[in-house]
Ligand code: R1P
Ligand code: URA
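In full-length UniProt numbering, the protein residues as written are 1 to 293.
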C-alpha cells in the first residue's frame, strides 16, 4: 500500500496538537475566515462578534474565532507579504483538509471562504482615499506562485498577456502571475465598493514605485500601471498579499476575496487623514455581508 502519511518535518504540529505557525487546532477554526495584515486589527474585527470563543497568538499570527449570531467566523492576521501568505494559506488548508491523527489528506475536502480586509494604495485618481476596493484579480509581482504548479483560465492568460505588453518588468525582477477572485464572493460586495485589478508587490517602497533614498530600477512603473487598459479591465491598487491569497486559493480549492480600504492615492499624492476610521468603516460594512454568507 502506498504510504501517504505526511511526515513530522512537513506538517509540523506543536505540543498542543496545533499547526506550527498559527498555533491553531482544527476545532478552533471556522470555515469563514477574515485575514488582516496587522495583528492589532484582529481585535478591531472581533470586537464586533457577539461571542469570541478562541484567541491564539504565535509570532505575528493572531487568531480569534467567534460568532456573529449563528455565523462562526475566524479572524487571522497574516503579517505583511506573500511569503507569510504561503504559511497562512497552507496552514489554514491543513487545518480543514489534513487529518492530524493519521497525517493523511481527508477524502472529503472542505473549501474555506477567505476574505482579506486590508489597506492599499490607489493607482487611479477616480479611486480616492477612504474608498473601498474589491480585487477582481490579484496580479503578482512577488515571486510566490511560480514555486507551485497551477492552471490559469484562458481569460486570465489573455489579461496577463495584455499586462506584459503594456507594463515593462525587467527580466529577473519578477515573473508576473494573475488569478481572478471568487466570482461568487465578489458578487456579494458590489454596492459601495470599487472593483479593479490589484497589483501585489514584494515590497512597499521601490516595488511600489516609492523612492526615498534608493533609486528605482523601474521609474515608469506607476505611470504604466495607471495607464493599463484591457477592455473593461484596469488596475485600481497596490498592496502586498492579494495575488498570494488568490493563487493559493486556486491551488488548494478555497474561495478567496481581497477587499482594501484605500489609505494612499499615488496619482494624487494624498494619504488618508484617518486611515483607522476608513478601516473601521470597511470592517463594519463588510461584516454585515460576511455574516450572511
Ligand atoms: C503595508 O503597509 C501593508 O498594508 C497592506 C499591505 O498589503 C501590507 O501588508 O495591507 P494590511 O494593512 O492588511 O497589512
Ligand atoms: N499598503 C500598501 O501596500 N501600499 C500602500 O500604498 C498603502 C497600503
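Here a beta-carbon is modelled for each residue, glycine too, at the ideal position from N, C-alpha and C.
Small disclaimer: the values here were computed from a predicted structure and weren't measured.
Item to check | Residue from 198, 77, 5 and 6 whose Cα sits closest to the Cα of residue 36 | outcome: Residue mapping note: residue 36 aligns to position 36 of the chain shown, counting from 1. From the listed residues 198, 77, 5 and 6, the smallest Cα separation to residue 36 is found for 77.
Next on the checklist: the ligand URA and residue 280: does the residue's C-beta get closer than 6 Å to at least one heavy atom of that ligand?
Outcome noted: Numbered from 1 along the chain shown, position 280 holds the residue referred to as residue 280. Checking every heavy atom of the ligand URA against the Cβ of residue 280, none is found closer than 6 Å.
Checklist entry - Taking 6 Å as the line, does the beta carbon of residue 38 fall inside it for any heavy atom of the ligand R1P? => result Working through the chain shown from its first residue, we reach residue 38 at position 38. The ligand R1P approaches residue 38 closely enough that one of its heavy atoms is under 6 Å from the residue's Cβ.
Item to check | Nearest neighbour of residue 284, chosen from 186, 17, 163 and 49 [CA to CA] | outcome: To locate residue 284, count along the chain shown from 1; it is residue 284. Nearest C-alpha to residue 284 among 186, 17, 163 and 49: 49.
Item to check | Buried versus exposed, by CB contacts within 10 Å (16 or more), residue 107 | outcome: Counting from one through the chain shown, the residue named residue 107 turns up at place 107. Classification of residue 107: exposed, given that the 10 Å Cβ count is below 16.
Checklist entry - Rounded C-beta distance between residue 250 and residue 179? I'm assuming under 8 Å. => result For this step, residue 250 is matched to residue 250 along the chain shown. For this step, residue 179 is matched to residue 179 along the chain shown. Confirmed, about 5 Å.
Checklist entry - Is the beta carbon of residue 73 less than 7 Å from the beta carbon of residue 240? => result By 1-based counting over the chain shown, the position of residue 73 is 73. By 1-based counting over the chain shown, the position of residue 240 is 240. Cβ distance not < 7 Å, so residue 73 and residue 240 don't count as in contact.
Next on the checklist: Just list the residues that DSSP pairs residue 40 with in beta bridges.
Outcome noted: Indexing the chain shown from 1 puts residue 40 at position 40. Beta-bridge analysis with DSSP links residue 40 to no other residue.
Checklist entry - Could you give the distance in angstroms between the alpha-carbon of residue 1 and the alpha-carbon of residue 26? => result Mapped onto the chain shown, residue 1 falls at position 1. Mapped onto the chain shown, residue 26 falls at position 26. Per-residue confidence for residue 1 stands at a pLDDT of 49, beneath the threshold of 50, marking its modelled position as unreliable; the derived number appears in the next sentence. Taking the straight line from one Cα to the other gives about 27 Å.
Item to check | Any non-hydrogen atom of the ligand R1P closer than 6 Å to residue 118 Cβ | outcome: Walking along the chain shown from the start, residue 118 turns up at place 118. Flag set: Cβ of residue 118 near the ligand R1P.
Checklist entry - What residue from 198, 148 and 53 has the CA that sits closest to residue 160's CA? => result As a first step, residue 160 is located in the chain shown; it is residue number 160 there, counting from the start. Of 198, 148 and 53, the residue nearest in Cα terms is 198.
Checklist entry - Which residues mark the beginning and the end of the alpha helix (DSSP H) in which residue 138 is found? => result Residue mapping note: residue 138 aligns to position 138 of the chain shown, counting from 1. Note, residue 138: premise wrong, no alpha helix (DSSP H); beta strand (DSSP E) at 132-140.
Next on the checklist: Quick check on DSSP: helix, strand or coil for residue 264?
Outcome noted: Counting from 1 along the chain shown, the entry for residue 264 is found at position 264. In the structure shown, residue 264 falls within a strand segment according to DSSP collapsed to helix, strand and coil.
Next on the checklist: Distance check for residue 185 and residue 247, CA to CA, integer angstroms please.
Outcome noted: Walking along the chain shown from the start, residue 247 turns up at place 247. Walking along the chain shown from the start, residue 185 turns up at place 185. Taking the straight line joining both Cα atoms gives about 16 Å.
Item to check | the stretch 116-136 / the stretch 226-239 touching (three or more Cβ pairs under 8 Å) | outcome: Two segments are said to touch when three or more pairs of C-beta atoms, one from each, lie closer than 8 Å; by this definition the stretch 116-136 touches the stretch 226-239.
Next on the checklist: If I measure Cβ to Cβ from residue 253 and keep anything under 7 Å in the same chain, skipping five residues before and after, which residues do I get?
Outcome noted: Numbered from 1 along the chain shown, position 253 holds the residue referred to as residue 253. Taken in chain order, the residues that qualify are 109 and 111.
Checklist entry - Taking all protein chains shown into account, do 16 or more other C-beta atoms lie within 10 angstroms of the C-beta of residue 41, making it buried, or fewer, making it exposed? => result Counting from 1 along the chain shown, the entry for residue 41 is found at position 41. Burial call: buried.
Checklist entry - So is residue 265 buried or exposed if we call it buried at 16+ other beta carbons inside 10 Å? => result As a position in the chain shown, residue 265 is number 265, starting the count at 1. Within a 10 Å sphere around the beta-carbon of residue 265 sit 16 or more other beta-carbons, which makes this residue buried.
Item to check | Inter-residue spacing [alpha-carbon to alpha-carbon] between residue 195 and residue 149 | outcome: Here residue 195 is taken as the residue at index 195 of the chain shown, counted from 1. Here residue 149 is taken as the residue at index 149 of the chain shown, counted from 1. Cα to Cα, the separation comes out at about 28 Å.
Checklist entry - According to DSSP, is residue 304 helix, strand or coil? => result Outside the displayed span of the chain (1 to 293) sits residue 304, for which this structure offers no information.
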